[in-house]
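Residue numbers (mature numbering (1 follows the signal peptide of the UniProt record, and there is no 0)): -19 to -1, 1 to 320.
Here is the structure we will look at, set down as structure tokens.
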């Protein structure tokens, strides 16, 4: 990582549209002030960040940092703006309408391929929460078992392009995923994209037993909910980026053992999201956020090896067509121990 002082046209939007699909779809911005720009206001710097979806446990550390005053303590007057359908955090941050965003690593790489100079500064989810869902009694043990089945997946989903290629799936009836599970429920032999934090719980409430394959187990290992900004913003607001990352990670450290408290804050921003469903999601996230490399190195940790592997996979499936340097994709300089 550098210290910073056809398919491709749809993959960024698809990845961001479905980044948190599965939670409630009502939400609103949460802030500690009225301004939406990065101006100095007294001793506080006004900051706006846009999340990957409507307010949900996947954003718990950000809301914890806001509720517990960590952003304010760091000198930041924070507004958290929710994502949602037809919302591209990459485009909003690149345009300067928000200072920070949240997106999967593969979406940031695809953006770089299109000449958008975004930079990841912390990876909140070490493990991708996306899954391929199937009915409980179906004999599906591996991704190769998907051949010959109907699979509901959104067009342009990068991990699906990889899985089809890596597992030589040549006889799949691919159907567009709309965000609804009705067709999947009706066809007991079908498979559907989903999120481990929401779909198993929601379907269980309807009496439907499911199992799933974790996308991460396919060999496609993308960081999820990567906090990012632009090259220019880092160069012009270095101390602000440092303060933002430190406060955000402190929020995630708090959320780990206090998620039920913070879920009430999230529910204020997204009233239709049931607290029991949020509890399920929070517990499903624990290992995805705090496990893997984060167990030893802390929340937000990233490695060049993992970014490089993902970059090469995206080149192999034709998502990346330009000469991207891995050190341009992310930086660890704002993470603990890398000052």
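Even glycine gets a Cβ: it sits at the ideal position worked out from N, Cα and C.
For residue i, the residue or residues it bridges with in DSSP
i           : result
residue 192 : 115
residue 58  : 27
residue 172 : 115, 132
residue 281 : 104
Same chain only: Cβ atoms within 7 Å of residue i, ignoring 5 sequence neighbours per side
i           : result
residue 115 : 121, 172, 191, 192, 193
residue 303 : 94
residue 200 : 147
residue 56  : 24, 25, 26, 224
Separation of residue j from residue i, as counted between CA atoms
i           : j           : result
residue 61  : residue 165 : 34 Å
residue 272 : residue 28  : 29 Å
residue 256 : residue 285 : 37 Å
residue 54  : residue 37  : 24 Å
residue 283 : residue 210 : 16 Å
residue 263 : residue 178 : 7 Å
residue 99  : residue 128 : 36 Å
residue 118 : residue 77  : 49 Å
residue 85  : residue 313 : 16 Å
residue 7   : residue 47  : Caution is warranted here: a pLDDT of 44 is assigned to residue 7, below 50, making its placement in the model unreliable, and the coordinate value is therefore given only provisionally. Approximately 20 Å, taken between the alpha carbons.
residue 75  : residue 317 : 26 Å
residue 188 : residue 181 : 10 Å
residue 281 : residue 44  : 16 Å
residue -14 : residue 123 : In this predicted model, residue -14 has a pLDDT of only 37, less than 50, meaning its place in the structure is not dependable; the value taken from the coordinates is given anyway. Distance between the alpha carbons of residue -14 and residue 123 is about 29 Å.
residue 152 : residue 239 : 46 Å
Start and end residues, alpha helix (DSSP H) containing residue i
i           : result
residue 139 : 139 to 147
residue 259 : 256 to 271
residue 42  : 41 to 48
residue 167 : 163 to 167
residue 239 : 219 to 250
Boundaries of the beta strand (DSSP E) in which residue i is found, first to last residue
i           : result
residue 211 : 205 to 211
residue 183 : From DSSP, residue 183 is part of no beta strand (DSSP E) but of the alpha helix (DSSP H) over 180 to 186.
residue 202 : From DSSP, residue 202 is part of no beta strand (DSSP E); its letter is neither H nor E.
residue 81  : 81 to 84
residue 102 : 99 to 106
residue 154 : 154 to 156
Residues of its chain near residue i, where Cβ-Cβ distance is below 6 Å and the 5 sequence neighbours each way are ignored
i           : result
residue 259 : 38, 244
residue 175 : 112, 114
Assumed close pair residue i, residue j - CB separation to whole angstroms, cut-off 8 Å
i           : j           : result
residue 295 : residue 97  : Wrong, their Cβ atoms sit about 15 Å apart, outside the cutoff.
residue 63  : residue 250 : 7 Å
Neighbourhood of residue i by C-beta distance below 8 Å, restricted to the same chain and skipping five residues each side
i           : result
residue 268 : 108
residue 168 : 131
residue 154 : 130, 131, 132
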